[in-house]
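Trainee: Chains as they are written, first to last, in numbering that gives the first Met the number 0: chain A, 0 to 539; chain B, 0 to 211; chain C, 0 to 266. Structure in structure tokens, see below.
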Amino acid sequence: MLHAIISYFSQQSGAFFLALIEHVGISALSVFIAAGIGVPAGILCARDRRVRAVVTGVFATLRVIPSLAVLFLCVVLLKVTGLFPAVLALTILALPPMLINTTIAFSTLPAAIVEAGVAMGMSPARVFWQVKIPLAMPLIFTGLRTAIVEVIASATLAAYIGAGGLGTIIFTGFQLMDNSLLVIGGVSVACLSLATGWLLGLLQRRVLRFQHPRAATNIRRDRMKNIRRALLVTLGVLTLISTLVIAGCGSKGAGTTTSASAPIRVGSKNFTESLILGNLYADALEDNDLKVDRKLNLADTVVHTALTGNQIDLYPEYTGTGLLSILKLPLQTDPQKVYDTVKADYQQKWNIVWLDYAPANDSQGLAITKAAADKYGITDISDLQKHATELRFATQGEFDQRADGLPALAKAYGPFKWKSEKIYDTSLLATVMLNGQADVAPLYTTAGDLANPKLVALKDDKQVWPPYNVAPVVRGAVLKAHPTIATILNSVDKTLTTEKLTALNAKVDVDKQEADKVASDYYASIRAQVRDDLSATSAE
Amino acid sequence: MLQYWTDYHDKILTCFGQHLLITVLALVASVVLATLLTLVLLPHRRASQVVVNLLGAFYAIPSLALFALMIPLLGIGPIPALIVLVLYNQFLLVRNFIDGFSQVDPALTEAATGLGMTPLQILWRVKFPLAFPVLASGLRLAMISTIGIATIAAVVGAGGVGTILFEGLQSQDPVKLIWGTLLVGGLAIAVNAALNAVERASKSRLHYEEAE
Amino acid sequence: MTIALEFQDVSKRFEGATEPAVDHVSLSVETGELITIVGTSGGGKTTLLKMINRLYEPDSGQILLAGRDVMQQDPVQLRHGIGYVIQQVGLFPHMTVAQNVAVTPKLLKWDRARTSARVIELLELVGLDPAEFSARYPSQLSGGQQQRVGLARALACDPAVMLLDEPFGAIDAITRTGLQNELLRIHAAQGATYLFVTHDIREAFKLGTRVLIMSSGRVQQFATPQEIVTAPANQFVYDLLMTATVEEGEESLLDGAIGAPVLSAVS
């Protein structure tokens with residue numbers, strides 16, 4: 000763990016500082032805009048009692064809406080990704096404390112002091128800048144502090160919509176199931192937030208010294224005490240997290256026995272295709288009198304831990320993912336060989352069974368916009384590598400780092416030096432390209448978006464990528480308790496071709512149908528065959 | 000908008016129910032734990048400051064990272080989500096609980112002792128009612144924060160309205176996102192308004208009693 | 000003697016009020032006088048004062064300051080020449096004592112050396128050690144010390160007129176007596192015209208070269224303390240005087256200022 004963290008910092012300190020700067024930048028920009036709007040608006044609102052009551056009420060209410068909802072809604076309603084919606088959402092979050100505090104500050108100014116200023120012959124502008132603003136400052140500052148701390152925390156979520164920042168590290172760690180990245184990202188954000196809060200506290204005490212003048216003489220001593228305390232707290236938190244993580248890594252999933260009456264827990268990953276397949280498997284099992292508990296929509300590689308930890312019983316997995324991401328074995332390209340390898344290893348390591356794989360191959364792929372493909376005459380990845388310096392690359396982060404992603408490509412085709420590179424949530428990559436914000440992005444070969452003529456899949460002309468045939472992985476104990484699972488799911492799986500899967504994905508991603516509905520419709524179309532297969536096996 | 004409701008209202012309601020359940024359970028557990036912590040810490044000023052600072056540092060860790068880090072330890076589903084939520088709430092609750100109780104005028108405690116009240120009676124009859132507005136505002140903050148963070152818990156399979164939001168982002172579907180926002184925002188707003196009313200009532204009752 | 004300040008048939012009624020706050024007041028004040036204004040609360044004392052530096056504006060009539068109508072002057076310029084001290088003191092909490100005193104010199108763009116010399120001079124004048132108090136913030140001062148700074152701040156640019164609105168109203172009795180004596184000393188040394196609103200008749204009689212007694216927005220009597228005591232203009236003035244003398248065993252208002260025999264003549 001510690002070793003992994005050290006090697007991260009020695010190898011990727013550039014990326015880390017970029018993320019840190021992005022995080023600070025997004026937060027600062029948002030707070031700056033919020034202050035620019037909130038403070039003047041607050042001053043105006045303070046003039047009228049009724050306006051003040053309404054505005055304060057509305058913004059106090061707005062404030063309780065979770066940041067995740069605000070952020071996602073901004074992306075989808077604006078139909079753009081990246082910096083703009085992130086800054087917009089964060090500005091919306093930062094606005095209420097700024098506005099409300101300014102309003103309160105300006106409506107509770109001590110009248111006698113303001114009058115004294117006027118009576119001494121200060122012009123209205125002077126009264127405003129030299130009397131009212133300094134008097135309102137403590138409350139405005141408190142609002143600013145609240146806003147900044149909130150924005151730094153919420154900016155983490157901005158990574159989901161491609162705005163960068165420290166959230167990117169957490170996000171990548173989440174997808175790669177890499178605890179060291181999670182710790183680095185999480186602790187960095189925590190430290191940033193604590194450090195900012197502490198600095199603002201110091202600044203507040205310096206700028207607004209008049210509030211606690213007696214403390215001024217003790218500032219130096221206080222500062223040392225504060226630094227010591229901040230260090231101690233940071234150290235404590237680091238230790239705590241490390242302990243948790245190390246304890247977590249040491250603990251093994253408990254219990255491998257399964258009673259016949261317990262429902263079968265069907266999992267899936269959190270992208271469209273996996274959701275459809277998870278629902279489809281569940282539908283098929285339910286239709287054949289098995290009790291099912293759906294535990295779908297799990298974050299990418301979390302799902303494997305859930306399976307080995309006996310929290311789900313089966314989920315759709317890809318042979319290539321099993322080989323490279325989970326077993327971390329060297330690259331192979333023959334579908335049957337890959338399947339045999341993972342099947343044997345899973346059985347031996349975890350008593351988990353790979354059922355038959357489907358013909359559908361949801362492989363890694365790279366897609367390019369039709370416009371860029373035409374402009375540079377790109378049809379395969381070799382062409383792409385030649386023009387990489389002219390192209391903007393969008394990625395979900397994982398692709399750049401996993402062995403079968405960009406590193407594998409670079410080994411075969413030569414290095415890819417993109418004109419620019421940005422991280423987005425997987426689901427946004429197609430949108431980003433269609434919006435003209437990027438030219439190239441990793442897109443699975445069954446992605447529903449590839450139905451769009453404006454996007455073109457590139458040919459892997461040097462055959463770098465392994466096959467990604469989909470198959471259910473099932474805990475051995477469950478299979479023993481319910482042997483029919485194998486027959487049912489094998490029967491479902493063999494109907495799934497790449498074309499069919501792409502069509503199913505498009506129904507959700509393009510036609511906006513629900514994944515469970517698409518799955519049940521599809522199951523209805525293959526139901527007869529599955530039933531036939533089942534009765535044939537039981538007859539044997 | 001309405002079409003989505005007609006088609007999927009059972010799903011929407013399930014998610015909403017899960018969200019509500021997680022929130023309520025997390026809050027009950029949080030309040031119990033925070034109360035115990037407060038009772039233990041209250042007589043020790045220094046220790047309570049250290050603990051509140053530590054909890055504050057914990058609170059600063061982004062929930063996404065904390066949820067993810069809990070997976071190897073606690074797995075997935077609503078239980079780890081609950082634990083993370085309870086941990087987060089400790090900062091908001093313990094800080095306000097301790098503040099609330101320490102703000103009670105020592106003269107009143109002294110007077111109560113003089114009247115022959117036992118320490119327990121003082122806590123329950125004098126300190127608790129006087130600290131109540133501050134306690135209630137801590138509870139309100141914790142509730143709003145829980146409702147918000149519980150949306151993020153969807154990434155570890157805890158269900159709830161977060162599921163609708165993440166699905167909405169996946170499929171770029173504004174209808175889902177608006178539904179998700181309405182549900183979770185509406186819940187937060189309703190809870191906020193209700194607890195605000197409680198806070199105000201408790202404050203005005205105090206003023207009334209003072210006026211007597 | 001020249002006329003420093005003149006009210007000519009001045010009236011003022013606030014919006015929503017049935018009675019005027021100031022009702023057809025005419026009077027004139029000579030340069031160097033210390034006029035105390037006393038009367039029931041709501042009697043128009045503060046309104047009268049605040050119309051001089053245009054914090055309020057009269058509905059009708061004219062106020063002439065050194066012969067010029069205040070309404071014809073730029074309010075900012077006007078106020079530079081008028082010192083103003085109020086009960087709540089109104090020190091700027093975000094400025095040190097020295098910075099507070101230096102506000103008007105800065106407004107008048109004095110250079111730094113002159114300003115700081117003046118600040119030291121003023122602090123000494125009001126009885127505060129500059130070395131000890133210059134760098135303090137108002138929150139570090141007692142009420143009496145704050146009002147001394149308020150006085151110093153108002154005096155900074157040698158205003159021709161000083162307006163004082165119950166400046167010692169919130170200060171304990173012993174400190175107040177000290178401040179009153181200081182004020183008399185400063186007034187004597189400076190020679191400006193002072194208008195001093197108070198609700199304390201003893202204070203009014205102790206400080207005022209002339210006392211202006213107001214009620215219901217009208218001037219009830221405007222004369223020297225001696226004249227008022229010997230010849231109260233009406234029942235209101237008489238009743239007001241009585242309030243200051245009823246308490247037995249206390250030093251009588253008129254003992255020091257005017258003398259007991261006169262008082263007995265009244266009663």
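Note that beta-carbon positions come from the ideal geometry of N, C-alpha and C, so glycine has one too. Note that the coordinates shown come from a computational prediction; the quantities given were computed from them, not determined experimentally.
May I ask you to verify whether the stretch 60 to 72 of chain C touches the stretch 109 to 116 of chain A, counting CB pairs closer than 8 Å and requiring at least 3?
Mentor: No: the two stretches stay apart, fewer than three of their Cβ pairs being nearer than 8 Å.
Trainee: Taking the C-alpha atoms as reference points, what is the distance between Gly159 of chain B and Thr102 of chain A?
Mentor: The residue labelled residue 159 of chain B in the question sits at position 160 within the second sequence. The residue labelled residue 102 of chain A in the question sits at position 103 within the first sequence. Rounded to the nearest angstrom, the two C-alpha atoms are 36 Å apart.
Trainee: May I ask you to report which of helix, strand or coil DSSP gives Asp22 of chain C?
Mentor: For the purposes of this step, residue 22 of chain C is identified with residue 23 of the third sequence, where counting begins at 1. Correct three-state label for Asp22 of chain C: strand.
Trainee: What does Asn191 of chain B reach in chain A if we use C-beta pairs closer than 9 Å?
Mentor: As a working mapping, residue 191 of chain B is identified with position 192 in the second sequence. Within chain A, the residues near Asn191 of chain B are Ala59, Thr60, Arg62, Val63.
Trainee: Is the Cβ-Cβ distance between Tyr317 of chain A and Asp361 of chain A less than 8 Å?
Mentor: For the purposes of this step, residue 317 of chain A is taken as residue 318 along the first sequence, with counting starting at 1. For the purposes of this step, residue 361 of chain A is taken as residue 362 along the first sequence, with counting starting at 1. Cβ atoms of Tyr317 of chain A and Asp361 of chain A: closer than 8 Å.
Trainee: Per DSSP, Trp128 of chain A forms a beta bridge with which residues?
Mentor: Locating residue 128 of chain A in the first sequence gives position 129, counting from the first residue. Trp128 of chain A is not bridged to any residue.
Trainee: Under the assumption that Val83 of chain B contacts Ile146 of chain B (Cβ atoms under 8 Å), give the Cβ distance between them as a whole number of angstroms.
Mentor: By one-based count along the second sequence, residue 83 of chain B stands at place 84. By one-based count along the second sequence, residue 146 of chain B stands at place 147. Between Ile146 of chain B and Val83 of chain B the Cβ distance is about 14 Å, and since that is not below 8 Å, they are no contact.
Trainee: From the beta carbon of Ala111 of chain A, is the nearest beta carbon of chain C less than 8 Å away?
Mentor: Walking along the first sequence from the start, residue 111 of chain A turns up at place 112. With 8 Å as the cut-off, Ala111 of chain A counts as an interface residue toward chain C.
Trainee: If the cut-off is 7 Å on Cβ atoms, which residues from the stretch 46 to 75 of chain B count as contacting chain A, listed in chain order?
Mentor: Cβ contacts with chain A: Asn52, Leu53, Ala56, Phe57, Ala59, Ile60, Pro61, Leu63, Ala64, Leu65, Ala67, Leu68, Ile70, Pro71, Leu72, Gly74, Ile75.
Trainee: Tyr83 of chain C touches chain A at which residues, Cβ-Cβ below 8 Å?
Mentor: As a working mapping, residue 83 of chain C is identified with position 84 in the third sequence. Simply Ala115, Ala118, Met119.
Trainee: Please go through the stretch 42 to 103 of chain C and give each complete beta strand (DSSP E) segment of 3 or more residues, from N-terminal end onward.
Mentor: DSSP runs (the beta strand (DSSP E)) wholly in the stretch 42 to 103 of chain C: 59 to 64, 81 to 85.
Trainee: Under 8 Å between the Cβ atoms of Leu323 of chain A and Asp344 of chain A?
Mentor: Taking the first residue of the first sequence as position 1, residue 323 of chain A is located at position 324. Taking the first residue of the first sequence as position 1, residue 344 of chain A is located at position 345. No, they are not a contact pair.
Trainee: Measure the C-alpha to C-alpha separation of Ala111 of chain B and Ala130 of chain B and round it to an integer number of angstroms.
Mentor: Taking the first residue of the second sequence as position 1, residue 111 of chain B is located at position 112. Taking the first residue of the second sequence as position 1, residue 130 of chain B is located at position 131. So the two alpha carbons sit approximately 15 Å from each other.
Trainee: Give a yes or no on contact between the stretch 59 to 72 of chain A and the stretch 121 to 133 of chain A, applying the rule of three or more CB pairs nearer than 8 Å.
Mentor: No: fewer than three Cβ pairs fall under 8 Å.
Trainee: Just to check my reading of the structure: Thr167 of chain A and Ala27 of chain A have Cβ atoms closer than 8 Å, yes? What is that Cβ distance to the nearest angstrom?
Mentor: Working through the first sequence from its first residue, we reach residue 167 of chain A at position 168. Working through the first sequence from its first residue, we reach residue 27 of chain A at position 28. No, Thr167 of chain A and Ala27 of chain A are not in contact; Cβ-Cβ is about 17 Å, not under 8 Å.
Trainee: Using Cβ-Cβ distances below 8 Å, what residues of the stretch 168 to 187 of chain B are close to chain A?
Mentor: Residues passing the 8 Å Cβ filter: Leu168, Gln169, Ser170, Gln171, Asp172, Pro173, Val174, Leu176, Ile177, Gly179, Thr180, Val183, Gly184, Ala187.
Trainee: For Tyr83 of chain C, which residues from the same chain have a beta carbon less than 7 Å from its beta carbon, with the 5 sequence-adjacent residues on both sides left out?
Mentor: The count along the third sequence starts at 1 and reaches residue 83 of chain C at position 84. Same-chain partners within the cutoff: Asn52, Ala153, Leu162.
Trainee: Would you verify that the beta carbon of Leu164 of chain B is, or is not, closer than 8 Å to some beta carbon of chain A?
Mentor: Walking along the second sequence from the start, residue 164 of chain B turns up at place 165. Yes, Leu164 of chain B counts as interfacial toward chain A.
Trainee: DSSP three-state label for Lys202 of chain B, please.
Mentor: The count along the second sequence starts at 1 and reaches residue 202 of chain B at position 203. Of the three classes helix, strand and coil, the one that applies to Lys202 of chain B here is helix, per DSSP.
Trainee: Quick check on the DSSP output: the beta strand (DSSP E) that includes Gly266 of chain A runs from which residue to which?
Mentor: Taking the first residue of the first sequence as position 1, residue 266 of chain A is located at position 267. First-last of the beta strand (DSSP E) with Gly266 of chain A: 263 to 268.
Trainee: Can you list, in chain order, the residues of its chain whose CB lies under 7 Å from that of Ala162 of chain A, leaving out five sequence neighbours each side?
Mentor: The residue you call residue 162 of chain A lines up with position 163 of the first sequence. Ile25, Gly81, Leu82, Ala85, listed in sequence order.
Trainee: List the residues that DSSP assigns as beta-bridge partners of Arg12 of chain C.
Mentor: As a position in the third sequence, residue 12 of chain C is number 13, starting the count at 1. Partner(s): none; Arg12 of chain C has no beta bridge.
Trainee: According to a CB-to-CB cut-off of less than 7 Å, which residues of the stretch 86 to 100 of chain C neighbour chain A?
Mentor: Answer set for the stretch 86 to 100 of chain C: Gln87, Gly89, Phe91, Pro92, His93.
Trainee: Check the C-beta distance from Ile32 of chain A over to Phe58 of chain A and give it rounded, since I have them as a contact under 8 Å.
Mentor: As a first step, residue 32 of chain A must be located in the first sequence, where it is residue number 33. As a first step, residue 58 of chain A must be located in the first sequence, where it is residue number 59. 15 Å between Cβ atoms; not a contact.
Trainee: Beta carbon of Glu120 of chain C: closer than 7 Å to some heavy atom of the ligand HEM?
Mentor: The ligand HEM is not part of this structure, which contains no ligands at all.
Trainee: Leu3 of chain C: which of C:Ala101, C:Phe195, C:Glu29 sits nearest, CA to CA?
Mentor: Within the third sequence, the letter at position 4 stands for residue 3 of chain C. Residue identity differs from the one stated: residue 3 of chain C is Ala in this sequence, not Leu. Measuring from the Cα of Ala3 of chain C, the nearest candidate turns out to be C:Glu29.
Trainee: Note down, in chain order, every chain A residue with its Cβ under 8 Å from the Cβ of Val75 of chain C.
Mentor: Taking the third sequence and counting its residues from 1, one reaches residue 75 of chain C at position 76. Simply Gly120, Met121, Ser122.
Trainee: With distances taken from CA atoms, which of C:Asp73, C:Gln179, C:Ser133, C:Ala169 is nearest Pro123 of chain A?
Mentor: As a first step, residue 123 of chain A is located in the first sequence; it is residue number 124 there, counting from the start. Answer by Cα proximity: C:Asp73.
Trainee: For Val337 of chain A, report the span of its alpha helix (DSSP H) as first-last.
Mentor: The sequence position of residue 337 of chain A within the first sequence is 338, counting from 1. First-last of the alpha helix (DSSP H) with Val337 of chain A: 334 to 349.
Trainee: Based on the DSSP secondary-structure assignment, which residues constitute the bridge partners of Leu140 of chain C?
Mentor: Counted from its first residue, the third sequence places residue 140 of chain C at position 141. Answer is none; Leu140 of chain C lacks a bridge partner.
Trainee: Pull up the distance between the alpha-carbon of His93 of chain C and that of Leu134 of chain A, whole angstroms please.
Mentor: In the third sequence, residue 93 of chain C corresponds to position 94, counting from 1. In the first sequence, residue 134 of chain A corresponds to position 135, counting from 1. Distance between the alpha carbons of His93 of chain C and Leu134 of chain A is about 7 Å.
Trainee: For Trp353 of chain A, does the count of other Cβ atoms within 10 angstroms reach 16, so buried, or fall short, so exposed?
Mentor: Position 354 of the first sequence, counting from 1, holds the residue named residue 353 of chain A. When all chains shown are included, Trp353 of chain A counts as buried.
Trainee: Cβ of Leu274 of chain A within 8 Å of Cβ of Leu295 of chain A?
Mentor: Translated into the one-based positions of the first sequence, residue 274 of chain A becomes position 275. Translated into the one-based positions of the first sequence, residue 295 of chain A becomes position 296. Going by C-beta atoms, Leu274 of chain A is nearer than 8 Å to Leu295 of chain A.
Trainee: Nearest CA to the CA of Tyr521 of chain A: which residue from A:Ala429, A:Lys499, A:Val509?
Mentor: Here residue 521 of chain A refers to the residue found at position 522 when the first sequence is read from its first residue. When only C-alpha atoms are compared, the closest one is A:Lys499.
Trainee: Quick one: residues in its chain with C-beta nearer than 7 Å to the C-beta of Ala283 of chain A, no 5 flanking neighbours on either side, listed in chain order?
Mentor: Taking the first residue of the first sequence as position 1, residue 283 of chain A is located at position 284. Answer for Ala283 of chain A: Ile487, Leu488, Val491, Tyr522, Val529, listed in chain order.
Trainee: Could you tell me the distance, in whole angstroms, from the CA atom of Ser201 of chain B to the CA atom of Ala88 of chain A?
Mentor: Residue mapping note: residue 201 of chain B aligns to position 202 of the second sequence, counting from 1. Residue mapping note: residue 88 of chain A aligns to position 89 of the first sequence, counting from 1. Distance between the alpha carbons of Ser201 of chain B and Ala88 of chain A is about 35 Å.
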